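Visitor: Under UniProt numbering, the sequence shown has 113 at position 113, and the numbering climbs by one with no breaks.
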Amino acid sequence: MTQLTIVVAIDAQRGIGVNNTLPWHLPEDLAHFKRVTLGHPIIMGRKTFDSIGRALPGRRNIVITRNPDWRHEGVEAVTSLPAAMALVGDEAAAIIGGAQIFNESLPLADRMIVTEIEHTFACDTFFPELAPGAWQETARVTHHSDANGFDFSYVTYERI
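As structure tokens, this is what we get:
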């Protein structure tokens, strides 16, 4: 069975994006994201892929799209989350967005690595609410962004 980890950054109101982009610039979190996902398959929706603009190196890039004809260099395209899961087999994989893919994968995920940003941004896309009692915080490391002036934490949650 695949270990499925959701990797996401959220603001104080669970915001994850605006106009298909990140509403913040947090270099520390980009480096953290790379450390966490490098060497593992990453699964994302097509809009998330479009916002990144390219296949991320050092990772198997799997994009879920409703368009069966969609193709991009360095990417494996599938039309559903179950098809993406079938591609990775028993390999540990990371779900990296967007909101619809997070929502679909939340019941299947074993772990979440969440960057919780202690600031509110103007977002139009949000991470789903978590079911009460479904997750347990197992690690938290808090940092301060000198570049942006706000605090953020890397938080690991495990399914109960």
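Note that beta-carbon positions come from the ideal geometry of N, C-alpha and C, so glycine has one too. Predicted, not measured: the structure shown is a model, and the values here were computed from it.
Out of curiosity, what's the CA-to-CA distance linking Asp98 and Ala134?
Guide: Residue numbering aside, residue 98 sits at position 98 when the sequence shown is read from its first letter. Residue numbering aside, residue 134 sits at position 134 when the sequence shown is read from its first letter. The question names Asp, yet the displayed sequence has Gly at residue 98. Rounded to the nearest angstrom, the two C-alpha atoms are 21 angstroms apart.
Visitor: Relative to the alpha-carbon of Glu93, which residue among Leu38, Thr125, Asn67 and Glu118 has its alpha-carbon at the smallest distance?
Guide: Counting from 1 along the sequence shown, the entry for residue 93 is found at position 93. One point to set straight first is that residue 93 is Ala, not Glu, in the sequence displayed. It is Leu38 whose Cα lies nearest to the Cα of Ala93.
Visitor: Just reading off the beta strand (DSSP E) that Arg111 is part of, what are its end residues?
Guide: For the purposes of this step, residue 111 is identified with residue 111 of the sequence shown, where counting begins at 1. Taken as a continuous stretch (DSSP letters only), the beta strand (DSSP E) holding Arg111 covers Arg111 to Ile117.
Visitor: Judging by CA-CA distance, which residue of Asp110, Ser145 and Arg54 is the nearest neighbour of Glu137?
Guide: The count along the sequence shown starts at 1 and reaches residue 137 at position 137. It is Asp110.
Visitor: Glu73 to Ala55, Cα distance in whole Å?
Guide: To locate residue 73, count along the sequence shown from 1; it is residue 73. To locate residue 55, count along the sequence shown from 1; it is residue 55. So the alpha carbons of these two residues sit roughly 7 angstroms apart.
Visitor: Which parts of the stretch 43–123 are runs of the alpha helix (DSSP H), unbroken and 4 residues or longer, counting only runs that do not cross its ends?
Guide: 46–52, 81–88 and 99–105, all fully within the stretch 43–123.
Visitor: How many Å lie between Asn20 and Asp50 at the Cα?
Guide: If you number the sequence shown from 1, residue 20 lands on position 20. If you number the sequence shown from 1, residue 50 lands on position 50. Looking at the two C-alpha atoms, the distance is approximately 8 angstroms.
Visitor: Determine which residues share a DSSP beta bridge with Arg140 and list them.
Guide: For this step, residue 140 is matched to residue 140 along the sequence shown. DSSP output for Arg140 lists Val155 as bridge partner(s).
Visitor: If distances are taken between C-alpha atoms only, which option among Ile64, Leu87 and Asp90 comes closest to Ser80?
Guide: Counting from one through the sequence shown, the residue named residue 80 turns up at place 80. Ranking Ile64, Leu87 and Asp90 by Cα distance to Ser80 puts Ile64 first.
Visitor: May I have the straight-line CA-CA distance separating Lys113 from Glu129, to the nearest angstrom?
Guide: In the sequence shown, the residue the question calls residue 113 occupies position 113. In the sequence shown, the residue the question calls residue 129 occupies position 129. Note that residue 113 is Ile in the sequence shown here, rather than Lys. The straight-line gap from Cα to Cα measures roughly 15 angstroms.
Visitor: Can you tell me which residues form a DSSP beta bridge with Val18?
Guide: Counting from one through the sequence shown, the residue named residue 18 turns up at place 18. Val18 is bridged to Thr21.
Visitor: Whole angstroms is fine: what's the gap from Lys34's alpha carbon to Tyr154's?
Guide: For the purposes of this step, residue 34 is taken as residue 34 along the sequence shown, with counting starting at 1. For the purposes of this step, residue 154 is taken as residue 154 along the sequence shown, with counting starting at 1. When rounded, the distance between both Cα atoms is 13 angstroms.
Visitor: Could you round the C-beta distance between Ile117 and Phe150 to whole angstroms and report it? I think they count as a contact, below 8 angstroms.
Guide: Start at 1 with the first residue of the sequence shown, and residue 117 comes out as number 117. Start at 1 with the first residue of the sequence shown, and residue 150 comes out as number 150. Rounded, the Cβ-Cβ distance is 7 angstroms, consistent with contact.
Visitor: Which residues mark the beginning and the end of the alpha helix (DSSP H) in which Leu30 is found?
Guide: Here residue 30 is taken as the residue at index 30 of the sequence shown, counted from 1. Note, Leu30: alpha helix (DSSP H), Pro27 to Thr37.
Visitor: Would you mind giving the Cβ-Cβ distance between Ile16 and Phe126, rounded to the nearest angstrom? I have them listed as a contact below 8 angstroms.
Guide: What you label residue 16 is simply residue 16 of the sequence shown in a count that begins at 1. What you label residue 126 is simply residue 126 of the sequence shown in a count that begins at 1. With a Cβ gap of about 6 angstroms, Ile16 and Phe126 count as contacting.
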